[in-house]
Amino acid sequence: MSKLLYLLLALAFVRGVMYAVLIPPWQAPDEPGQFERAKAALSAQDWISTSENGPTWYDDLGQSLFAFAMWDFLDAERPSYEAGKPLNHYIILYNEAYEGQYGSRPTYAVIGWPIWVAPESSIVLQLYLVRLNTVLMSVIVVYLTYRLVQTIFPHNTFLILGVPLLVLFNPQHTHLMATVNNGNLAELLATATLYFMVRGIIRGFSWPVILAMLACALVAMWAKATAYFLPFAIATIGLFYLWRYRRRWYWLLPVFAILAGLGYVFAPDRLKILSTWAWQGIIGGRFQLDPVVPIDLFRSFWAFPGWVSLALHPFWYWLWLWICLVAVVGWGVFLVRQRHLIFSDQTRPQLQALTALAVATVVAVSVPLVWSAITNTIVYRQGRSIYPVIVPISLFLVLGWYQFVPAGWRKEGLITMAAALLLFDTLVLFSYAVPFFYSRY
């Protein structure tokens, strides 16, 4: 199995590099603004700069946007370049737009540190160096996926390999993990948090595992708001222990209260602000979910290259929808088959791990839907918003499909699934993305 793991990691790296090289600069959601934050994080002065007193490289970044014709592939009005015009005339500068409440300097420094290798090089070379760093993050995500599934199902080769394959050959995921975005680091840390959660549930929690889980969760939330679901997943573990030691609840409740208090103290300010806005929206009582939100969330989870600007033929989205529905039916089959083991001490840790992952998935997917409903906006409707739970989503999908694969055909079924995913990924990259971005040549 170790050789197959190395093969998966090598494939993840090679595919990530392919996407990083073939997708032109700035052709991913928010990449210019995200790169600005990653580069600015390497200097205390640059980090607090605005368009009015920006560093000299702001001009280089602005010129690069026009050199690579960023607006040619966007459904937006193309501005005209004027030397000396502030950078915020072309892109959103997060430090200004969010008044310093977006992201954190240390997490962006983790993303942008490769710039130190070539501090005097062109903006484009620095962009590719940072892209390479995020590709390495995607490789680690695949590794953690393998380990997480192996921890829950140590003897199920189909799941151990099938789930990483689904993550590996998701074209939109690879595309975005090969571009610059703080969501990539948030996903990596969220995946690590889920891994330590599962490891603790299955093998028992130790202080190193607890501290690693809490640290990854906290830093993930400081990296990006897409990780704000993690406290709910961790709280699920608390409920398990509260039930297990229910006769000592008077000891556990103070511990949970202290942890909740510490979480509030160290929580990002943006989480507190968004929570206040959400509560105000709930009090307002006007809920309306535009259908485009779940539709785009689903489509851009699988494939919607560029700035969510290149849709595939509807056939492919309908195909994925039916494939996902097959998995949902498979969950029912799984529960029926496992019904006699639900209360078994032998399988309880496994089912608790799956429950914690299910809670994480439901909360993470619900956040953009509920937020869109209570704010009556369609801003947060991209699949990347739920990539921090791509591993449990992929696990539940493959687990559902697995129920329909005959015992004697599982090796062939795994190979067929891998081949189909590879063909779909190749189709998206070379039949859609590359012609779209290079048709003018």
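Per my numbering, residue 351 is the first one in the sequence shown, and the count goes up by one each step. Glycine included, C-beta positions come from ideal geometry on N, C-alpha and C.
If distances are taken between C-alpha atoms only, which option among the options comes closest to residue i?
i: Glu-446; options: Ala-770, Arg-387 and Asp-409; result: Arg-387
i: Asp-422; options: Trp-376, Lys-389 and Trp-466; result: Trp-376
i: Pro-514; options: Thr-541, Asn-534, Trp-397 and Leu-526; result: Thr-541
i: Ile-584; options: Leu-372, Ala-426 and Ala-567; result: Ala-567
i: Asn-403; options: Met-420, Asp-425 and Gly-434; result: Gly-434
i: Thr-400; options: Ala-577, Ile-442, Met-368 and Thr-507; result: Ile-442
i: Ala-394; options: Leu-707, Arg-698, Gly-733 and Ala-459; result: Ala-459
i: Gly-656; options: Phe-416, Ser-488, Leu-526 and Leu-773; result: Leu-526
i: Glu-381; options: Thr-543, Ala-703 and Tyr-478; result: Tyr-478
i: Ala-528; options: Ala-390, His-439 and Val-371; result: Val-371
i: Pro-738; options: Phe-418, Tyr-452, Trp-666 and Ala-708; result: Ala-708
i: Arg-365; options: Trp-407, Val-683 and Pro-521; result: Pro-521
i: Ile-373; options: Tyr-431, Gln-702, Ala-419 and Pro-429; result: Ala-419
i: Val-569; options: Leu-538, Tyr-788 and Ser-694; result: Leu-538
i: Glu-449; options: Ile-724, Trp-397, Ile-465 and Trp-557; result: Trp-397
i: Ile-736; options: Leu-671, Gln-702 and Leu-647; result: Leu-647
i: Leu-498; options: Arg-553, Phe-786, Thr-586 and Asp-425; result: Arg-553
i: Leu-580; options: Trp-407, Val-712, His-663 and Arg-649; result: Val-712
i: Ala-710; options: Ile-587, His-663, Ser-694 and Thr-766; result: Ile-587
i: Arg-359; options: Leu-518, Ala-426 and Val-686; result: Inspection of the sequence shows that residue 359 is occupied by Leu rather than by Arg. Of Leu-518, Ala-426 and Val-686, the residue nearest in Cα terms is Leu-518.
i: Cys-674; options: Leu-660, Leu-662, Arg-649 and Arg-687; result: Arg-649
i: Pro-699; options: Trp-759, Pro-504 and Ser-471; result: Pro-504
i: Lys-389; options: Thr-457, Ala-426, Met-547 and Trp-572; result: Thr-457
i: Gly-533; options: Gln-384, Ala-426, Leu-592 and Leu-486; result: Gln-384
i: Gln-702; options: Ala-661, Phe-590 and Leu-662; result: Phe-590
i: Leu-494; options: Gln-451, Met-368, Met-547 and Trp-666; result: Met-547
i: Gln-500; options: Leu-685, Tyr-545 and Asn-483; result: Tyr-545
When we look at the beta-carbon of residue i and count the other beta-carbons within 10 Å, is it buried (16 or more) or exposed?
i: Pro-718; result: buried
i: Pro-756; result: exposed
i: Ile-473; result: buried
i: Tyr-782; result: buried
i: Val-642; result: exposed
i: Trp-751; result: buried
i: Tyr-440; result: buried
i: Arg-734; result: buried
i: Ile-645; result: exposed
i: Phe-798; result: Here the chain covers residues 351 to 791 and nothing more, so residue 798 does not appear.
i: Lys-353; result: exposed
i: Gln-696; result: exposed
i: Val-491; result: buried
i: Phe-780; result: exposed
i: Trp-721; result: buried
i: Gly-550; result: buried
i: Trp-672; result: exposed
i: Thr-683; result: The displayed chain sequence assigns Val, not Thr, to residue 683. Label assigned to Val-683: exposed.
i: Gly-412; result: buried
Between the alpha carbons of residue i and residue j, how many angstroms are there, rounded?
i: Tyr-444; j: Arg-455; result: 12 Å
i: Ala-562; j: Thr-524; result: 26 Å
i: Leu-361; j: Val-748; result: 20 Å
i: Ala-378; j: Val-715; result: 22 Å
i: Asp-410; j: Leu-437; result: 10 Å
i: Gly-792; j: Trp-652; result: Summary: the structure shown does not reach residue 792, with the chain confined to residues 351 through 791, and so no result is reported for it.
i: Leu-777; j: Val-658; result: 17 Å
i: Gln-476; j: Leu-415; result: 14 Å
i: Val-741; j: Glu-432; result: 45 Å
i: Gly-462; j: Thr-576; result: 20 Å
i: Trp-557; j: Leu-564; result: 11 Å
i: Leu-509; j: Pro-469; result: 43 Å
i: Ile-724; j: Leu-639; result: 8 Å
i: Ile-502; j: Leu-745; result: 10 Å
i: Tyr-496; j: Pro-405; result: 43 Å
i: Tyr-788; j: Leu-424; result: 14 Å
i: Val-480; j: Leu-772; result: 26 Å
i: Asn-506; j: Phe-774; result: 25 Å
i: Phe-582; j: Ala-768; result: 33 Å
i: Glu-762; j: Pro-429; result: 53 Å
i: Val-678; j: Thr-705; result: 15 Å
i: Ala-391; j: Arg-731; result: 28 Å
i: Trp-668; j: Trp-466; result: 45 Å
i: Phe-654; j: Ser-694; result: 43 Å
i: Val-559; j: Tyr-356; result: 25 Å
i: Gln-688; j: Leu-764; result: 22 Å
i: Ala-573; j: Thr-484; result: 14 Å
i: Gly-453; j: Met-487; result: 18 Å
i: Phe-676; j: Ala-661; result: Before going further, note that residue 676 is Val rather than Phe in the sequence given. Cα to Cα, Val-676 sits roughly 24 Å from Ala-661.
i: His-690; j: Asn-531; result: 45 Å
i: Leu-516; j: Ala-770; result: 10 Å
Taking 8 Å as the threshold (beta carbon to beta carbon), is residue i in contact with chain C?
i: Arg-387; result: Among the chains in the structure shown there is no chain C, since it carries only a single protein chain.
Which ranges would you report for the alpha helix (DSSP H) in the stretch 700-760 if only whole runs of at least 4 residues count?
740-752
Please give me, in chain order, every unbroken run of the alpha helix (DSSP H) with length at least 4 that falls completely inside the stretch 448-517.
Within the stretch 448-517, complete alpha helix (DSSP H) segments of at least 4 residues are found at 455-462 and 473-502, given in chain order.
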